[in-house]
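I have placed the structure first, in the form of structure tokens, so that the comments after it can refer back to it.
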């Protein structure tokens, strides 16, 4: 009986107060997204400096536009807010107000999926 009381006094509250798994996963993905974004931004800048073909320049501009558009749709994970520093500008993304934890996780996964598509295009760029 004594053990069961201790269990309910200490173990059960710990389970209830643990960090939200969805938000922890979402933050991990968000940080991965920020790192991928930075690599892509730098790679696109480098490619734009060495390409002289008009078609290549147009393709690079389109990829850069896709990347910027995706950046505008990035959202912070509540409780994990931080600033991003990109070449030429600094900004912070406001935490979403009306999203559920599952929705925030889904957003981060979708952003990562789109970033990986852009990354594949950049890696295959000729």
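Residue numbers (this note's numbering): 1051 to 1176. Where is the CB? At the ideal position from N, CA and C, for every residue including glycine.
Contact check between the stretch 1113 to 1124 and the stretch 1150 to 1165: three or more CB pairs, one atom from each, fall below 8 Å, which counts as touching.
Bounds of the alpha helix (DSSP H) holding residue 1160 are 1151 to 1173. Nearest in C-alpha terms to residue 1114, of all of 1168, 1100 and 1150, is 1168. Selection 1130, 1171 and 1172 evaluated against residue 1075 yields 1130 as nearest (Cα-Cα). A distance below 7 Å between beta-carbons, with the five flanking residues on each side excluded, links residue 1082 to the following residues of its chain, in chain order: 1162. Cα atoms of residue 1176 and residue 1077: separation of roughly 34 Å, rounded to the nearest angstrom. Put simply, of 1150, 1070 and 1107 the residue whose alpha carbon is nearest the alpha carbon of residue 1094 is 1107.
CA-to-CA, the gap between residue 1150 and residue 1120 works out to about 20 Å. Around residue 1172, the same chain offers 1090, 1093, 1094, 1097 and 1113 as residues with beta carbons nearer than 8 Å, after the five sequence neighbours per side are excluded. Nearest to residue 1118 by C-alpha distance, out of 1099, 1170, 1103 and 1165, is 1165.
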